[in-house]
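J.: Sharing a structure below in structure tokens format, with a few things to ask.
2 protein chains.
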Amino acid sequence: MIRIAIIGLGLIGASLGMALRNADPKESPLGAVEVIGYDREPRVVRAARGRLAIDREAHSLAEAAREAQIVIVATPVRAIHEVLSELATLLPAGVIVTDVASTKAQVCRWAADLLPATVSFVGGHPMAGRERSGPEAADPDLFREAIYCLTATSATAPQAIEVVEALVRAVGAKPYYIDPEEHDAYVAGISHLPLLLSVGLVTTTSATPAWKEMAALAATGFRDVSRLASGDPQMQRDILLTNPHGLARWIDEMIRFLVTVREQINTGDAPAIEQMLQQAKAARDAWLDSKPHLRPGEADFNAMPTVERPSLLGFRFPKREK
Amino acid sequence: MIRIAIIGLGLIGASLGMALRNADPKESPLGAVEVIGYDREPRVVRAARGRLAIDREAHSLAEAAREAQIVIVATPVRAIHEVLSELATLLPAGVIVTDVASTKAQVCRWAADLLPATVSFVGGHPMAGRERSGPEAADPDLFREAIYCLTATSATAPQAIEVVEALVRAVGAKPYYIDPEEHDAYVAGISHLPLLLSVGLVTTTSATPAWKEMAALAATGFRDVSRLASGDPQMQRDILLTNPHGLARWIDEMIRFLVTVREQINTGDAPAIEQMLQQAKAARDAWLDSKPHLRPGEADFNAMPTVERPSLLGFRFPKREK
Numbered sequence: 002m003i004r005i006a007i008i009g010l011g012l013i014g015a016s017l018g019m020a021l022r023n024a025d026p027k028e029s030p031l032g033a034v035e036v037i038g039y040d041r042e043p044r045v046v047r048a049a050r051g052r053l054a055i056d057r058e059a060h061s062l063a064e065a066a067r068e069a070q071i072v073i074v075a076t077p078v079r080a081i082h083e084v085l086s087e088l089a090t091l092l093p094a095g096v097i098v099t100d101v102a103s104t105k106a107q108v109c110r111w112a113a114d115l116l117p118a119t120v121s122f123v124g125g126h127p128m129a130g131r132e133r134s135g136p137e138a139a140d141p142d143l144f145r146e147a148i149y150c151l152t153a154t155s156a157t158a159p160q161a162i163e164v165v166e167a168l169v170r171a172v173g174a175k176p177y178y179i180d181p182e183e184h185d186a187y188v189a190g191i192s193h194l195p196l197l198l199s200v201g202l203v204t205t206t207s208a209t210p211a212w213k214e215m216a217a218l219a220a221t222g223f224r225d226v227s228r229l230a231s232g233d234p235q236m237q238r239d240i241l242l243t244n245p246h247g248l249a250r251w252i253d254e255m256i257r258f259l260v261t262v263r264e265q266i267n268t269g270d271a272p273a274i275e276q277m278l279q280q281a282k283a284a285r286d287a288w289l290d291s292k293p294h295l296r297p298g299e300a301d302f303n304a305m306p307t308v309e310r311p312s313l314l315g316f317r318f319p320k321r322e323k
Numbered sequence: 002m003i004r005i006a007i008i009g010l011g012l013i014g015a016s017l018g019m020a021l022r023n024a025d026p027k028e029s030p031l032g033a034v035e036v037i038g039y040d041r042e043p044r045v046v047r048a049a050r051g052r053l054a055i056d057r058e059a060h061s062l063a064e065a066a067r068e069a070q071i072v073i074v075a076t077p078v079r080a081i082h083e084v085l086s087e088l089a090t091l092l093p094a095g096v097i098v099t100d101v102a103s104t105k106a107q108v109c110r111w112a113a114d115l116l117p118a119t120v121s122f123v124g125g126h127p128m129a130g131r132e133r134s135g136p137e138a139a140d141p142d143l144f145r146e147a148i149y150c151l152t153a154t155s156a157t158a159p160q161a162i163e164v165v166e167a168l169v170r171a172v173g174a175k176p177y178y179i180d181p182e183e184h185d186a187y188v189a190g191i192s193h194l195p196l197l198l199s200v201g202l203v204t205t206t207s208a209t210p211a212w213k214e215m216a217a218l219a220a221t222g223f224r225d226v227s228r229l230a231s232g233d234p235q236m237q238r239d240i241l242l243t244n245p246h247g248l249a250r251w252i253d254e255m256i257r258f259l260v261t262v263r264e265q266i267n268t269g270d271a272p273a274i275e276q277m278l279q280q281a282k283a284a285r286d287a288w289l290d291s292k293p294h295l296r297p298g299e300a301d302f303n304a305m306p307t308v309e310r311p312s313l314l315g316f317r318f319p320k321r322e323k
């Protein structure tokens with residue numbers, strides 16, 4: 002039996018616990034597991050227990066570290082530094098450590114700096130999430146068929162890679178090996194830039210005095226583009242702060258795009274605008290075509306609510322002019 | 002019986018035809034109607050007939066205008082100028098003209114300039130749409146419970162307002178009277194800015210040499226924020242070109258936002274970033290709370306696919322480093 006400690010029992014930590022405990026020991030590449038859970042917040046631990054995400058609770062990081070063969074650090078990104086510092090003095094030789102953070106370069110540097118050579122580290126980032134956070138939103142199927150980024154270097158012990166890869170497969174995900182810097186550059190464009198655009202849309206529109214009237218007209222287009230703004234602010238803050246280099250590039254690209262489009266609209270350059278719109282449509286449609294399905298049982302990757310309609314609750318009919 | 006001519010049988014024109022023809026004459030505020038359809042493209046007319054969107058076809062604008070009491074111009078925005086110019090010489094006195102364009106100020110100016118005083122114009126904009134276009138995507142329920150913006154001035158004949166309002170209610174929508182300039186300023190923020198951000202996300206990311214690798218990692222966050230980039234390029238082009246003033250303001254606001262965030266990320270200003278993220282989440286969550294339902298029978302306005310997962314078709318496992 003393999004003992005796995007999960008440090009941080011939020012959405013991802015608790016979902017991993019549920020997925021690991023649900024896996025059939027006869028079919029899982031990890032075999033039988035025991036999941037030890039630790040979180041600074043007793044409320045979170047209770048909720049994780051309630052979701053059957055852990056076998057038992059550790060009352061300190063030391064207690065969690067003492068018996069584990071695998072330690073999964075599932076805290077927000079910036080807390081990982083502190084957790085790894087403490088673990089460095091606690092972990093017995095041979096323990097394998099991994100994390101689940103959305104940025105990888107800084108975390109991998111911390112691991113190299115802080116952890117003793119007797120401990121192996123493989124960075125991880127499951128490409129799975131939800132708007133809602135906490136163990137209450139945890140789902141043992143969250144990782145099913147998901148791509149799970151893993152970082153490893155020539156210095157990483159082959160056995161550590163095998164064990165973490167088995168863990169990824171045990172929760173139903175697919176390992177995808179990638180360089181930490183490359184990972185951060187890519188997700189800056191396809192994950193963190195969309196987050197910033199969502200937040201920017203809500204920040205700019207909701208700050209105007211006319212927001213109430215605008216909000217009455219806003220429908221599914223606004224809803225979809227703004228969706229990521231409803232995520233967990235602390236997690237998002239850490240993501241933005243630990244990927245400054247990757248983000249700066251995409252922010253600059255986006256500003257350049259907006260300046261170009263503003264000029265095209267001002268000068269009424271119809272051919273340039275139409276070409277841009279056609280190229281974007283072609284690129285997105287090709288991308289969608291490459292993703293014909295979601296997880297088993299889930300709706301089409303393409304299936305989106307398509308009717309733009311604001312609700313009428315709270316709607317006041319303005320006096321009509323005649 | 003009221004004869005209604007629909008000029009342009011794309012998604013909105015054909016959906017209006019279907020909705021008008023489906024309405025029970027005993028319950029509809031318009032009573033019995035006959036729908037005459039015209040489109041420059043014979044292929045589009047055939048498709049609209051196939052969807053039972055029209056009672057009969059007109060073979061020219063003149064034929065459509067000759068008998069109609071209400072004319073709905075449902076062409077892309079910039080074609081409306083030409084259509085109104087032609088209609089001006091064709092329409093008998095007393096005819097009521099309306100449109101369905103996504104921008105209203107310029108269309109209302111065209112109508113005032115071009116149409117004779119014997120013809121009434123009330124601008125319209127149903128807050129309803131789909132990604133797919135053309136009569137093939139038409140839906141008689143597209144406008145059910147939708148907000149339908151209407152413009153009218155002190156010069157508009159009260160009877161024209163009553164008739165267009167009856168038309169809006171006949172297709173199941175809710176009239177919302179608004180000044181054309183105000184309309185354009187509002188939709189620039191909640192509809193055209195999201196469109197530009199969607200297009201900008203796809204344009205910037207898909208232009209990079211690493212797009213193929215990035216695309217493999219892109220999941221539902223990217224999909225949702227980029228969704229509007231899959232719309233009809235010609236319709237979008239016209240929308241952007243006929244709302245330059247409204248858009249310029251929001252493009253500038255968005256650039257200011259991105260410059261501010263870039264600085265906050267560069268200097269590692271965690272409190273400012275967290276405050277921004279918290280305010281955006283609060284604003285969006287409050288907006289969502291004000292929209293608890295979509296159309297009858299449709300899923301929750303809140304219900305979104307939440308699991309981020311790219312498909313694995315075409316996925317190649319990179320060689321792992323050891």
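First to last, the sequence lines map onto chains G and D. Just so we're aligned, residue 2 is where the first sequence starts under the numbering used here, counting upward by one. Just so we're aligned, residue 2 is where the second sequence starts under the numbering used here, counting upward by one. C-beta: ideal position from N, C-alpha, C; glycine also.
Rounded to whole angstroms, what's the CA-CA distance from G130 of chain D to L12 of chain D? Just pull it up for me.
T.: One-based indexing of the second sequence puts residue 130 of chain D at position 129. One-based indexing of the second sequence puts residue 12 of chain D at position 11. Answer to the nearest angstrom: the Cα atoms are 8 Å apart.
J.: Would you report the Cα separation of I3 of chain G and G18 of chain G, rounded to the nearest angstrom?
T.: Walking along the first sequence from the start, residue 3 of chain G turns up at place 2. Walking along the first sequence from the start, residue 18 of chain G turns up at place 17. Computed Cα separation, rounded: 13 Å.
J.: Would R228 of chain D pass as an interface residue toward chain G - the criterion being a Cβ-Cβ separation below 8 Å?
T.: Stepping through the second sequence from its first residue, residue 228 of chain D is reached at position 227. At least one chain G Cβ lies under 8 Å of R228 of chain D.
J.: Could you compute how far the alpha carbon of V249 of chain G sits from the alpha carbon of V188 of chain G?
T.: Residue 249 of chain G sits at position 248 when you count from the first residue of the first sequence. Residue 188 of chain G sits at position 187 when you count from the first residue of the first sequence. The question names Val, but residue 249 of chain G is Ala in the sequence shown. Their Cα atoms are separated by approximately 13 Å.
J.: Determine the direct distance from the alpha carbon of G232 of chain G to that of Y149 of chain G, and round the result to whole angstroms.
T.: The residue labelled residue 149 of chain G in the question sits at position 148 within the first sequence. The residue labelled residue 232 of chain G in the question sits at position 231 within the first sequence. One C-alpha to the other measures close to 20 Å.
J.: Given that a residue counts as buried once 16 or more other Cβ atoms are within 10 Å of its Cβ, and exposed if not, what is N244 of chain G?
T.: Counting from one through the first sequence, the residue named residue 244 of chain G turns up at place 243. Result: buried.
J.: Taking V188 of chain D as the query, report the chain G residues whose CB atoms sit under 7 Å from its CB, ordered along the chain.
T.: Here residue 188 of chain D corresponds to residue number 187 of the second sequence, with the count starting at 1. Within chain G, the residues near V188 of chain D are L218.
J.: With distances taken between CB atoms, is the gap from A158 of chain G to S121 of chain G smaller than 8 Å?
T.: Position 157 of the first sequence holds residue 158 of chain G. Position 120 of the first sequence holds residue 121 of chain G. For A158 of chain G and S121 of chain G, yes; Cβs fall inside 8 Å.
J.: State the beta-bridge partners of F122 of chain D as determined by DSSP.
T.: Translated into the one-based positions of the second sequence, residue 122 of chain D becomes position 121. Answer by DSSP bridge pairing, in chain order: D:V98.
J.: Give a yes or no on whether 8 Å exceeds the smallest Cβ distance from K105 of chain D to chain G.
T.: Here residue 105 of chain D is taken as the residue at index 104 of the second sequence, counted from 1. Judged by the 8 Å Cβ criterion, K105 of chain D is not in contact with chain G.
J.: Taking 7 Å as the limit between beta carbons, can you name the residues of its chain near A69 of chain G, skipping five residues before and five after?
T.: Reading the first sequence from its first residue, position 68 is the one you call residue 69 of chain G. So the list reads R4, I5, A6, I37, V96, once near-sequence residues are dropped.
J.: In chain C, which residues lie less than 7 Å from A112 of chain G when you measure between Cβ atoms?
T.: Absence of chain C from the displayed structure is noted, the protein chains being G and D.
J.: Compare the Cα-Cα distances from P176 of chain G to each of G:G125, G:Y39, G:W111 and report the closest residue.
T.: Here residue 176 of chain G corresponds to residue number 175 of the first sequence, with the count starting at 1. That would be G:G125, whose Cα lies nearest to the Cα of P176 of chain G.
J.: Does any CB atom of chain D fall closer than 8 Å to the CB of P195 of chain G?
T.: Locating residue 195 of chain G in the first sequence gives position 194, where the first residue counts as 1. Yes, its Cβ sits closer than 8 Å to a Cβ of chain D.
J.: When the distance is taken between beta carbons, is T99 of chain G closer than 8 Å to I81 of chain G?
T.: The residue labelled residue 81 of chain G in the question sits at position 80 within the first sequence. The residue labelled residue 99 of chain G in the question sits at position 98 within the first sequence. No.
J.: Excluding five sequence neighbours on each side, which residues of the same chain lie with their C-beta closer than 7 Å to the C-beta of Q235 of chain D?
T.: Taking the second sequence and counting its residues from 1, the one referred to as residue 235 of chain D is at position 234. Contacts found: P77.
J.: For a contact defined as C-beta to C-beta under 9 Å, what are the partners of G269 of chain D on chain G?
T.: As a working mapping, residue 269 of chain D is identified with position 268 in the second sequence. Chain G residues near G269 of chain D: L242, P245.
J.: Given a cut-off of 8 Å on the beta-carbon distance, is the pair I8 of chain G and L62 of chain G in contact?
T.: For this step, residue 8 of chain G is matched to residue 7 along the first sequence. For this step, residue 62 of chain G is matched to residue 61 along the first sequence. Yes. Within cutoff.
J.: Nearest to A66 of chain G by alpha carbon, out of G:D56, G:A89, G:A102?
T.: Mapped onto the first sequence, residue 66 of chain G falls at position 65. Answer by Cα proximity: G:A89.
J.: Throw me the rounded Cβ distance for the V203 of chain D and A230 of chain D pair, which I believe falls under 8 Å.
T.: Counting from one through the second sequence, the residue named residue 203 of chain D turns up at place 202. Counting from one through the second sequence, the residue named residue 230 of chain D turns up at place 229. With a Cβ gap of about 4 Å, V203 of chain D and A230 of chain D count as contacting.
J.: Listing by chain order, which chain D residues have their CB less than 8 Å from the CB of T76 of chain G?
T.: As a position in the first sequence, residue 76 of chain G is number 75, starting the count at 1. Chain D residues near T76 of chain G: none, gap ~16 Å exceeds 8 Å.
J.: Quick one: give me the first and last residue of the beta strand (DSSP E) that G38 of chain D is part of.
T.: Working through the second sequence from its first residue, we reach residue 38 of chain D at position 37. Looking at the DSSP string, the run of the beta strand (DSSP E) that includes G38 of chain D is 34-39.
J.: With a threshold of 16 other CB atoms inside 10 Å of the CB of D290 of chain G, please say whether the residue is buried or exposed.
T.: Working through the first sequence from its first residue, we reach residue 290 of chain G at position 289. Per the 10 Å Cβ criterion, exposed.
J.: Which residue's Cα is closest to the Cα of A284 of chain G: D:S86, D:R79, D:G32, D:S227?
T.: On the first sequence, residue 284 of chain G is found 283 positions in, with the first residue counted as 1. Taking only the C-alpha atoms, the option nearest A284 of chain G is D:S227.
J.: Have a look at A174 of chain D and R41 of chain D and give me their C-alpha separation to the nearest angstrom.
T.: Residue 174 of chain D sits at position 173 when you count from the first residue of the second sequence. Residue 41 of chain D sits at position 40 when you count from the first residue of the second sequence. Near 28 Å, if we compare the C-alpha coordinates of R41 of chain D and A174 of chain D.
J.: Just to make sure I have the definition right: I need the residues of chain D whose C-beta is within less than 7 Å of the C-beta of I274 of chain G. Which are they?
T.: On the first sequence, position 273 is the one that residue 274 of chain G refers to. Ordered by position in chain D, the residues that pass the 7 Å Cβ test against I274 of chain G are R238, L241, L242.
J.: According to DSSP, is V74 of chain D helix, strand or coil?
T.: For the purposes of this step, residue 74 of chain D is taken as residue 73 along the second sequence, with counting starting at 1. Correct three-state label for V74 of chain D: strand.
J.: What are the residues in the segment 198-217 of chain G lying within 9 Å of chain D by C-beta distance?
T.: Correct list: L198, S199, V200, G201, L202, V203, T204, T205, T206, S207, A208, T209, A211, W212, E214, M215, A216, A217.
J.: Would you mind sorting P195 of chain G into buried or exposed? The rule is 16 or more other CB atoms within 10 Å of its CB.
T.: For the purposes of this step, residue 195 of chain G is taken as residue 194 along the first sequence, with counting starting at 1. Burial call: buried.
J.: So if I threshold CB-CB distances at 9 Å, which residues from the segment 254-269 of chain G count as touching chain D?
T.: Listed by position along the chain: E254, M255, I256, R257, F258, L259, V260, V262, R263, Q265, I266, N267, G269.
J.: Which whole-angstrom value describes the C-beta separation of T209 of chain D and G190 of chain G, a residue pair presumed to lie in contact below a C-beta threshold of 8 Å?
T.: Here residue 209 of chain D refers to the residue found at position 208 of the second sequence. Here residue 190 of chain G refers to the residue found at position 189 of the first sequence. The pair is a contact, with the Cβ atoms about 7 Å apart (cut-off 8 Å).
J.: Beta-carbon within less than 8 Å of G32 of chain G's beta-carbon, same chain only, minus the 5 sequence neighbours each way: which residues are those?
T.: Here residue 32 of chain G is taken as the residue at index 31 of the first sequence, counted from 1. Cβ neighbours of G32 of chain G beyond the five flanking positions: M2, I3, P26.
J.: At what residues does the beta strand (DSSP E) containing I5 of chain G begin and finish?
T.: For the purposes of this step, residue 5 of chain G is taken as the residue at position 4 of the first sequence. First-last of the beta strand (DSSP E) with I5 of chain G: 3-8.
J.: Excluding the 5 residues flanking S16 of chain G on each side, which residues of the same chain have their C-beta closer than 6 Å to its C-beta?
T.: Translated into the one-based positions of the first sequence, residue 16 of chain G becomes position 15. Closer than 6 Å at the Cβ level, and outside the excluded window around S16 of chain G, lie A139, D140, L143.
J.: Would you identify the three-state DSSP class for P176 of chain D, choosing helix, strand or coil?
T.: Position 175 of the second sequence, counted from the start, is the residue given in the question as residue 176 of chain D. In the structure shown, P176 of chain D sits in a strand (DSSP, three-state: E or B).
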